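For the protein sequence lines, the chains are B and A, in the order given. The first sequence begins at 1 in this note's numbering and counts up one residue at a time. The second sequence begins at 85 in this note's numbering and counts up one residue at a time.
Protein chains: 2
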Amino acid sequence: MQVAELIGSLAAVLTTTAFIPQVWQVWRTKHTKDISLAMYAFFTTGVALWLAYGVLLASWPIIIANCITLLLAGSVLILKLKFG
Amino acid sequence: MQVAELIGSLAAVLTTTAFIPQVWQVWRTKHTKDISLAMYAFFTTGVALWLAYGVLLASWPIIIANCITLLLAGSVLILKLKFG
């Protein structure tokens, strides 16, 4: 199980932090034309529901990972609405 | 627990299918300039690791959700490399 936990943790770090370079790029360039509004609307809603799921299960890993992702994906969504 | 399972399932459907409009937009426009290569490189790697985690745990929901996401996010990555 230790290998699985290591792989799962690395997966969580990667899929969570992956949005940082996208937030940075949009913030820097103010260009969002090629980014799909529908994708970020659905994705951010989905992450908010994952967060609710984590709260209902009192699962800290789900809560923390989805708080960070909500902040990052939500930032892309807001910047898309602002600059799009 | 039924409410939590409903919310978790809806969350999984939304965060998985969210990439469909992005794949469609890039496929249609061939424009990927505003999409971060680093984001999709990290995200696709992370999803591949989630898939490995699902296989190690023999968890079909994790396997199925991450197979679909890997296909979709991987498509955006390939189109970014092709048209970027």
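Think of the CB as a built atom: it goes at the ideal place given N, C-alpha and C, for glycine as much as any other residue. Model, not experiment: these values are computed from the prediction.
Rounded separation between residue i and residue j - CA only
| i | j | result |
| --- | --- | --- |
| residue 72 of chain B | residue 56 of chain B | 22 angstroms |
| residue 120 of chain A | residue 25 of chain B | 7 angstroms |
| residue 67 of chain B | residue 113 of chain A | 32 angstroms |
| residue 10 of chain B | residue 128 of chain A | 12 angstroms |
| residue 75 of chain B | residue 53 of chain B | 21 angstroms |
Chain-ordered chain A contacts of residue i [CB-CB under 7 angstroms]
| i | result |
| --- | --- |
| residue 8 of chain B | 137 |
| residue 46 of chain B | 95, 98, 99, 102 |
| residue 79 of chain B | Those within 7 angstroms of residue 79 of chain B in chain A number zero; the least Cβ separation is about 10 angstroms. |
Beta-carbon neighbours of residue i, restricted to chain B and to distances below 7 angstroms
| i | result |
| --- | --- |
| residue 119 of chain A | 34, 35 |
| residue 141 of chain A | 4 |
Within chain A, partners of residue i - CB distance below 9 angstroms
| i | result |
| --- | --- |
| residue 86 of chain B | Shown here, chain B extends from 1 to 84; a query on residue 86 of chain B therefore has no answer. |
Beta carbon of residue i nearer than 8 angstroms to that of residue j
| i | j | result |
| --- | --- | --- |
| residue 91 of chain A | residue 70 of chain B | no |
| residue 123 of chain A | residue 19 of chain B | yes |
| residue 149 of chain A | residue 96 of chain A | yes |
| residue 130 of chain A | residue 14 of chain B | yes |
| residue 101 of chain A | residue 163 of chain A | no |
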